[in-house]
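Notes for the one structure printed next.
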Amino acid sequence: MRHPLVMGNWKLNGSTHMVNELIAGLRNELSSVEGCGVAIAPPVMYLDQAKHQLAAAASRWAPRT
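According to numbering that gives the first Met the number 0, the residues represented by the sequence shown are 0 to 64, in order.
Below, the structure is given as structure tokens:
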């Protein structure tokens, strides 16, 4: 069975405030979405911040290796 995945990245744009707002907005808007995976690919300078934001949301954190 296929499981759709929606993924987005934002290159080197943004700020720490933008990361907080983006992840909070995604958590809020996607809380009722079922049957579709969602992934983000933040720039390296925001990885740690995104990791902490996602961990607080009980989301999965899977760094690319």
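Backbone N, C-alpha and C define an ideal beta-carbon position, used for all residues, glycine too. Computed from a predicted structure; not experimentally measured.
Per DSSP, asparagine 8 forms a beta bridge with which residues?
Walking along the sequence shown from the start, residue 8 turns up at place 9. DSSP output for asparagine 8 lists Ala40 as bridge partner(s).
Going by Cα to Cα distance, which pick from Ala40, Ile22, Asn8, Thr15 is closest to alanine 54?
Residue numbering aside, residue 54 sits at position 55 when the sequence shown is read from its first letter. Selected option, being the one with the closest Cα: Ile22.
Compare the C-beta of histidine 51 against all C-beta atoms of chain E and say whether one is closer than 8 Å.
No chain E is present in this structure, which holds just one protein chain.
Give the C-beta separation of alanine 40 and asparagine 12 to the nearest angstrom, bearing in mind that I take them to be a contact with Cβ-Cβ under 8 Å.
By one-based count along the sequence shown, residue 40 stands at place 41. By one-based count along the sequence shown, residue 12 stands at place 13. Going by Cβ atoms, the distance from alanine 40 to asparagine 12 rounds to 12 Å, so no, they are not a contact pair.
Considering glutamate 20, what are the terminal residues of the alpha helix (DSSP H) in which it resides?
Against the sequence shown, residue 20 aligns to sequence position 21. That run of the alpha helix (DSSP H) goes 15-29.
Using alpha carbons as the reference points, say which of Leu29, Gly24, His16 lies closest to valine 5.
For the purposes of this step, residue 5 is identified with residue 6 of the sequence shown, where counting begins at 1. Checked all of Leu29, Gly24, His16; the closest Cα to valine 5 is Leu29.
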